[in-house]
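Peer 1: Heads up, the sequence shown is in my numbering, so the first residue is 4 and it goes up one at a time.
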Amino acid sequence: MKLRRVLLIGAAVLLADASAGIANAEPTDAERAAQSRELIKGFAQRLQGELKAAMAAGGPERAIPVCHTAAPAITRDKAAEKGWSVGRTALKLRNPANAPDPWERSVLEAFQEQLAQGADPATLERYETTMQNGRRVFRYMKAIPTQKACLTCHGPDVKASLRKQITELYPQDQAVGFQLGELRGAFTIVQPLE
Ligand code: HEC
4 MKLRRVLLIG AAVLLADASA GIANAEPTDA ERAAQSRELI KGFAQRLQGE
54 LKAAMAAGGP ERAIPVCHTA APAITRDKAA EKGWSVGRTA LKLRNPANAP
104 DPWERSVLEA FQEQLAQGAD PATLERYETT MQNGRRVFRY MKAIPTQKAC
154 LTCHGPDVKA SLRKQITELY PQDQAVGFQL GELRGAFTIV QPLE
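(1) Assuming the contact rule is C-beta atoms closer than 8 Å, residue 124 and residue 186 should be a hit. Round their C-beta distance to whole Å, please.
(2) So the alpha helix (DSSP H) residue 38 belongs to, where does it begin and stop?
(3) Measuring only from the beta carbon, is residue 52 closer than 7 Å to any heavy atom that is part of the ligand HEC?
(4) From the DSSP output, in three-state form, read off residue 110 for me.
(5) Using the Cβ count rule (16 or more neighbours within 10 Å means buried), how would you classify residue 178?
(6) Determine, using beta carbons only, whether residue 181 and residue 32 come nearer to each other than 8 Å.
(7) For the ligand HEC, is there any heavy atom lying closer than 7 Å to the beta carbon of residue 163?
(8) Classify residue 92 as buried or exposed, calling it buried when 16 or more other Cβ atoms lie within 10 Å of its own Cβ.
(9) Per DSSP, what kind of secondary structure is residue 121 in: helix, strand or coil?
(10) Count Cβ pairs between the region 69 to 86 and the region 34 to 53 that sit closer than 8 Å; are there 3 or more?
(11) Residue 142 bridges to which residues according to DSSP?
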């Protein structure tokens, strides 16, 4: 079932690529954003599925490795499929390797402001075609709100034994104290254009 969904997404993306090729026109930013949205949907579903299964099997202690190794591995797989870079970032970080660059930071700050003004987190995204290190790239970000399932490891009262396990892996952890609905971070994609 899962595999079929992945294959379907793959086929849809291939078809989209093929039709863009026939028309011999560059995809528009809106089309690239739609592809990014689709990829993130698959990534988020896979991550949440693995997280849920590990939580059910052995509680949050068992689920930490899912976030620690599976999340970066899934982003690597997804990126390798297309030559894109795919990741997660945030203003308050658990893993310093996920730190935002200046564009990502400004987008995260804008998301936070929009949320404070009552925006629906499910609709918060930002994209643009721009230059990065001398290359033309398409960049895309989508907000990740804090959900109930996240509070165990990112909420205001993380259990002491779990907190200990987390700080052993991430001594500089800042990603606790989040309330339901607050901005936890964002997915971020860079698509090289040539
Ligand atoms: C079992 C504990 C656990 C749960 C539950 C959990 N996370 Fe995490 N989260 C982690 C760990 C560990 C990392 C560090 C991952 C890494 O090394 O990239 C992390 C990292 C992140 C990051 C990347 C930015 C950063 O701070 O390094 C985001 C975004 C994030 N989590 C969002 C969520 C969301 C949203 C949920 C709920 C759907 C969630 N997490 C549930 C443990 C958890």
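Glycine included, each C-beta is placed from N, C-alpha and C at the ideal position.
Peer 2: So, to answer that:
(1) Working through the sequence shown from its first residue, we reach residue 124 at position 121. Working through the sequence shown from its first residue, we reach residue 186 at position 183. 7 Å between Cβ atoms; contact.
(2) On the sequence shown, position 35 is the one that residue 38 refers to. Its alpha helix (DSSP H) spans residues 32 to 68.
(3) The residue labelled residue 52 in the question sits at position 49 within the sequence shown. No, since every heavy atom of the ligand HEC falls outside the 7 Å radius drawn around the Cβ of residue 52.
(4) For the purposes of this step, residue 110 is taken as the residue at position 107 of the sequence shown. In the three-state scheme derived from DSSP, where H, G and I count as helix and E and B as strand, residue 110 is classed as helix.
(5) Mapped onto the sequence shown, residue 178 falls at position 175. Burial state of residue 178 is buried, judged by a 10 Å Cβ sphere holding 16 or more other Cβ atoms.
(6) Within the sequence shown, numbered from 1, the residue matching residue 181 stands at position 178. Within the sequence shown, numbered from 1, the residue matching residue 32 stands at position 29. With contacts defined by Cβ atoms closer than 8 Å, residue 181 and residue 32 do not form a contacting pair.
(7) Numbered from 1 along the sequence shown, position 160 holds the residue referred to as residue 163. Checking the Cβ of residue 163 against the ligand HEC gives no.
(8) Your numbering for residue 92 matches position 89 in the sequence shown. Under this definition residue 92 is a buried residue.
(9) Along the sequence shown, one-based indexing puts residue 121 at 118. In this structure, residue 121 counts as coil in the three-state DSSP scheme.
(10) They touch, by the three-pair rule.
(11) Taking the sequence shown and counting its residues from 1, one reaches residue 142 at position 139. 131, 193.
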